[in-house]
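Trainee: The numbering used here numbers the first residue of the sequence shown as 91 and each following residue consecutively. Note that CB positions come from ideal geometry on N, CA and C, so glycine has one too.
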Amino acid sequence: MRGILENSLRRYELKKQLDTFALENGFLPITPDLFEQYEQFSESNKNLQKDELVIVMNGRQQVYFLRPDITSAIMRQVKNYYEKDSIVKLFYQSSVYRSDDYKILEIPQFGVESIGGGSETEILNLASMVLSNKEIPYIIELSNSHILNSLIAQLEIPEVYINQVKTLIASKNHDGLLSLGKKLEVHDNSLNLINVLFNLRGMYRDVLSKIEPFLINEKIRKEFNSLEKLQSSIPNSIIDLTMVNNFEYYDGLIFKGYYSNLPNEVLSGGCYTAFYDESNEKVNAVGFSLDIEGWLKEREV
91 MRGILENSLR
101 RYELKKQLDT
111 FALENGFLPI
121 TPDLFEQYEQ
131 FSESNKNLQK
141 DELVIVMNGR
151 QQVYFLRPDI
161 TSAIMRQVKN
171 YYEKDSIVKL
181 FYQSSVYRSD
191 DYKILEIPQF
201 GVESIGGGSE
211 TEILNLASMV
221 LSNKEIPYII
231 ELSNSHILNS
241 LIAQLEIPEV
251 YINQVKTLIA
261 SKNHDGLLSL
271 GKKLEVHDNS
281 LNLINVLFNL
291 RGMYRDVLSK
301 IEPFLINEKI
311 RKEFNSLEKL
321 QSSIPNSIID
331 LTMVNNFEYY
341 DGLIFKGYYS
351 NLPNEVLSGG
361 CYTAFYDESN
371 EKVNAVGFSL
381 DIEGWLKERE
391 V
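#1: What do you get for Val168, buried or exposed, if any count of 16 or more other CB atoms within 10 angstroms of its CB means buried?
#2: In terms of residue numbering, what span does the alpha helix (DSSP H) encompassing Thr211 cover?
#3: Identify whether Ile205 lies in helix, strand or coil by the three-state DSSP scheme.
#4: Which partner residues does Gly292 have in the DSSP bridge list?
#5: Ignoring anything shorter than 4 residues or poking outside the segment 181 to 205, list the alpha helix (DSSP H) runs there in chain order.
#6: Give me the Cβ distance between Thr332 and Arg295, rounded to the nearest whole Å; I'm assuming they're in contact under 8 Å.
#7: Alpha carbon to alpha carbon, what distance is there between Glu203 and Asp161?
#8: Identify every residue that forms a DSSP beta bridge with Leu320.
#9: Which stretch, first to last residue, makes up the alpha helix (DSSP H) that contains Thr161?
#10: Classify Tyr362: buried if its beta carbon has 16 or more other beta carbons within 10 angstroms, exposed otherwise.
#11: For Ile194 versus Val186, is the C-beta distance shorter than 8 Å?
#12: Can you give the beta carbon distance from Gly271 to Ile284, rounded, assuming they're within the 8 Å contact cut?
#13: Cβ atoms of Ile328 and Ile229: under 8 Å apart, would you say?
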């Protein structure tokens, strides 16, 4: 029993360090709403399957679910009191929920969000500091949703198949995507791009040599070049243009963080449009979330 309690204390102290870290970097705490309205959330997050959600119903037969994502909940909360042109820097320690067969999974997360502005480099450096562990190597993969969307558009695959294409890319299923392309009788140029797609991971110069023919306009080229600046300033970072995020609100920079001995990402984030203000102008934001259990595991807790 004593060992269990000592381990619990150690976990508490480490999680408290995350709060202290956020406060010292100018972020303020927020408690996200627990429930989401089904129609409101599902409309903007079509990639999340309904059978993954923990659905509940109130006395008026209105359908809600336990939040599957904290950033979406925070966006709705902040919109109600946001002041034009201000920068709101928030952090949280809370949980998201998933349905897994007959079980309900509670997944503890820590995260930071800079709403109304904020530096991509600042957020990425904070992510790097959070992941930093003298004993275990880590890596941060950088990408941009606009670049991937441009590459997918160049495949000239019908819109009805786009979600399937993204699923195949996310799972690194080269053979599956090539088979789909042949089935749909896409052009040889598209088949060539499919072969290139799965080799767009590495340092900037290596990726540039492969993707350059497909940087079809100045905007996409500029966005790719911006990844070079980020990679040069963020420790342990590489580029992976086949990165796909489960949540569709990300718009531009996206990134994921990994420990070398864990199969899945421990951290993920990026840029997004938080909401539109009273003047109908975009309010941009950038942030990340951390899988606390994965983070604690690397600290032998």
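Mentor: Here's the rundown:
#1: buried
#2: 210 to 221
#3: strand
#4: Ile329
#5: none
#6: With 8 Å as the limit, Thr332 and Arg295 do not qualify as a contact, their Cβ atoms being about 18 Å apart.
#7: Sequence check: residue 161 is Thr here, not Asp. Distance between the alpha carbons of Thr161 and Glu203 is about 8 Å.
#8: DSSP lists no partner for Leu320.
#9: 160 to 169
#10: buried
#11: no
#12: 5 Å
#13: yes
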